[in-house]
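Novice: Here's a structure for you.
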Amino acid sequence: MFSRLAFGALTLFLVACGVQAHPTASLPGPGDSGGATVVGSGGTTVVGSGGATGSGSGGDNSGTGGDATGTGSGGASTSGSGGMSATGSGGTSATGSGGSTPGSGGRQGSGGSVGTGGAPTSGVGVMINGTFVPKEKAVAIIHFGHSNMRGWATKPTSLRSYFFDTAPGLWSYKGTFTAAKEPTAPEPNQTQAGPGMALLRAAQAALQPGSDVQFISIGYAKGSVTTVDYAKTGTYYPIFMNWANQLKGKVTFGAIVIMLGLTDGEHLPSAQVPDFPKRVAQLVSNIRTDLGEPNLPVLFCDYEMNASNDLAPTGPVGTVMIPLIRSLPSMVSKLALVPTDGITMQDDHHFDMQGHKDWTTRAIMLMQSNNWFPWK
C-alpha cells in the first residue's frame, strides 16, 4: 500500500539554483505570463537591487557589507543584513537583511541569481514566448508511455480546469512552446486528460510562493505500445527525443517519467516479456546518453494496482509483470517506482483525473524525498 512508503516522513529538501540576468527581458513567476530576467540597480549580473559584483544593496564584494567582514546590508550567505552566515547586522555571523536565504541582497537576496539575488548563472537559456529564460530556471520533464500516459480521463468534472486550463509558468514543447494543457501527449482525435499537466502543476506547487521557475512538458504517448516499440531504433523514441534534443544545453532536464509495463505483459509474445527490465534499463541509458545527463532521475509507474478483470494484479498479466516492474530500482540508478495503490480509475486500467492528480503528486514527493528536486 502507498502508506507503507512512509510518505509522512518525506521532507522538502530544496537546493537553490541560480538565475542569469538578461539585459532586455523579465522572468515570469507563477503569476506572470512568461519571461526571463531584468537588470535592476547594481551589479553586472543583477536581477533587482544588488548582485554578484553590484553596487546595489548587497553583493558579494562591493555592496555595503562584504562576505566576511561587512557591517552593512548584503554579504555572501546571510539571511539578514550582512555577513557570511548571519543573523545580526554585519560581520561573519550576523543576521539582518540580505544574504543567501531571502533578504535584501547577497546570493539570494534582492539581487542576483535565484529569484532576486545572488551569484551569476551559466548565461545560457531558452526563449519562451518571446522571453529569455535562463537554463537554471527552465526545467523540462520528459514523459512518455502507453495509453495511460496519453490519458483517458474525463472525470470527475470538478477537476477539468486543473487539466484543461493553462497556467503561467507551465509550458509544452513539441518543436515550439505553447501554454501547457491537456492533452500533453496526444494521439490524433484523442482529447482526454493524462498525467502531463498534473505533473507540471504538482511540480509548480512544490515551489516557494512567487518563484519564477518555468516547467516544460515534453510528452509523447501511444495506446498499447510496449518497451519494444520505444527502443531507440524504433518508431517512437526519435519523436520525443527530437524535441528533447532541440532543448539540450538550453534547459535543465528535471526527470524522465514513464508509464509502461502492463502493455508488455498484455501485447508481447510471452518469450519477450522476461526481458522487460533489460529493455527499460537500455531505454533509460539511451535517453541519458543522448542528453548528456547520466544522473537524470526516473519516475516509473508501478503496476496499476486498481486495475480489474484480466488486468487485475492477481490476473495473468499482473502476476507476471509486477515482479518485473519492481526489479527496476535495483537495475537502473536513480529510478523510483511511483505507487498506484488507491489510485482511482476511469475504467479497468486507466486513471481518472483524480487518479492522475494523486499519482503525479506522489511522483514529485518522491523527487523531493530523494533530493532530486532542487528548485525553489
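In terms of the numbering used here, the sequence shown has 592 at position 188, counting the first letter as 1, and numbering is strictly consecutive. Glycine included, C-beta positions come from ideal geometry on N, C-alpha and C.
1. Taking DSSP as the reference, what is the three-state secondary structure of I546?
2. Whole angstroms is fine: what's the gap from L770's alpha carbon to A740's?
3. Spatial neighbours of F567 within its chain, please: CB distance less than 8 Å, with the 5 preceding and 5 following residues excluded, ordered by chain position.
4. For M663, which beta-bridge partners are listed by DSSP?
5. What is the rounded straight-line gap between the Cα of V617 and the Cα of P720?
6. Between I545 and T748, what straight-line distance do the alpha-carbon atoms span, to the nearest angstrom?
7. Considering only the beta carbon of each residue, do H671 and T630 sit closer than 7 Å?
8. Residues in its own chain within less than 6 Å of C705 by CB, not counting five upstream and five downstream?
9. Indicate whether K780 and Q612 have their beta-carbon atoms separated by less than 7 Å.
10. Mind checking which residues open and close the beta strand (DSSP E) that includes F644?
11. Compute the Euclidean distance between the alpha carbons of A711 and N649, then round it to the nearest angstrom.
12. Who pairs with M531 in a beta bridge, going by DSSP?
13. Indicate whether the contact test is met: 3 or more Cβ pairs, each with one atom in the region 677 to 684 and one in the region 723 to 738, closer than 8 Å.
14. Comparing alpha-carbon positions, which option in L687, K559, I620 lies nearest T656?
15. In the structure shown, what three-state DSSP assignment does S731 receive?
Specialist: Concretely, from the data shown:
1. Taking the first residue of the sequence shown as position 1, residue 546 is located at position 142. In this structure, I546 counts as strand in the three-state DSSP scheme.
2. As a first step, residue 770 is located in the sequence shown; it is residue number 366 there, counting from the start. As a first step, residue 740 is located in the sequence shown; it is residue number 336 there, counting from the start. Those two C-alpha atoms are separated by around 7 Å.
3. Start at 1 with the first residue of the sequence shown, and residue 567 comes out as number 163. Hits under 8 Å: A557, K585, E586, A597, M601, A602, M757, H760.
4. Walking along the sequence shown from the start, residue 663 turns up at place 259. Answer by DSSP bridge pairing, in chain order: G549.
5. Working through the sequence shown from its first residue, we reach residue 617 at position 213. Working through the sequence shown from its first residue, we reach residue 720 at position 316. Straight-line Cα distance between these residues: approximately 44 Å.
6. Residue 545 sits at position 141 when you count from the first residue of the sequence shown. Residue 748 sits at position 344 when you count from the first residue of the sequence shown. Approximately 24 Å between the Cα atoms of the pair.
7. Taking the sequence shown and counting its residues from 1, the one referred to as residue 671 is at position 267. Taking the sequence shown and counting its residues from 1, the one referred to as residue 630 is at position 226. Against a cut-off of 7 Å, the Cβ pair of T630 and H671 comes out as a contact.
8. For the purposes of this step, residue 705 is taken as residue 301 along the sequence shown, with counting starting at 1. Excluding residues within five positions, the ones whose Cβ falls inside 6 Å are M663, V742.
9. Within the sequence shown, residue 780 is the residue found at index 376, counting from 1. Within the sequence shown, residue 612 is the residue found at index 208, counting from 1. Yes, the pair counts as a contact, with Cβ atoms nearer than the cut-off.
10. One-based indexing of the sequence shown puts residue 644 at position 240. Here F644 belongs to no beta strand (DSSP E); instead the alpha helix (DSSP H) covers 641 to 651.
11. Translated into positions along the sequence shown, residue 711 becomes position 307. Translated into positions along the sequence shown, residue 649 becomes position 245. About 35 Å.
12. Numbered from 1 along the sequence shown, position 127 holds the residue referred to as residue 531. Answer is F536, bridged to M531.
13. yes
14. As a working note, residue 656 is residue 252 in the sequence shown. Cα-wise, what sits closest to T656 is I620.
15. Start at 1 with the first residue of the sequence shown, and residue 731 comes out as number 327. Of the three classes helix, strand and coil, the one that applies to S731 here is coil, per DSSP.
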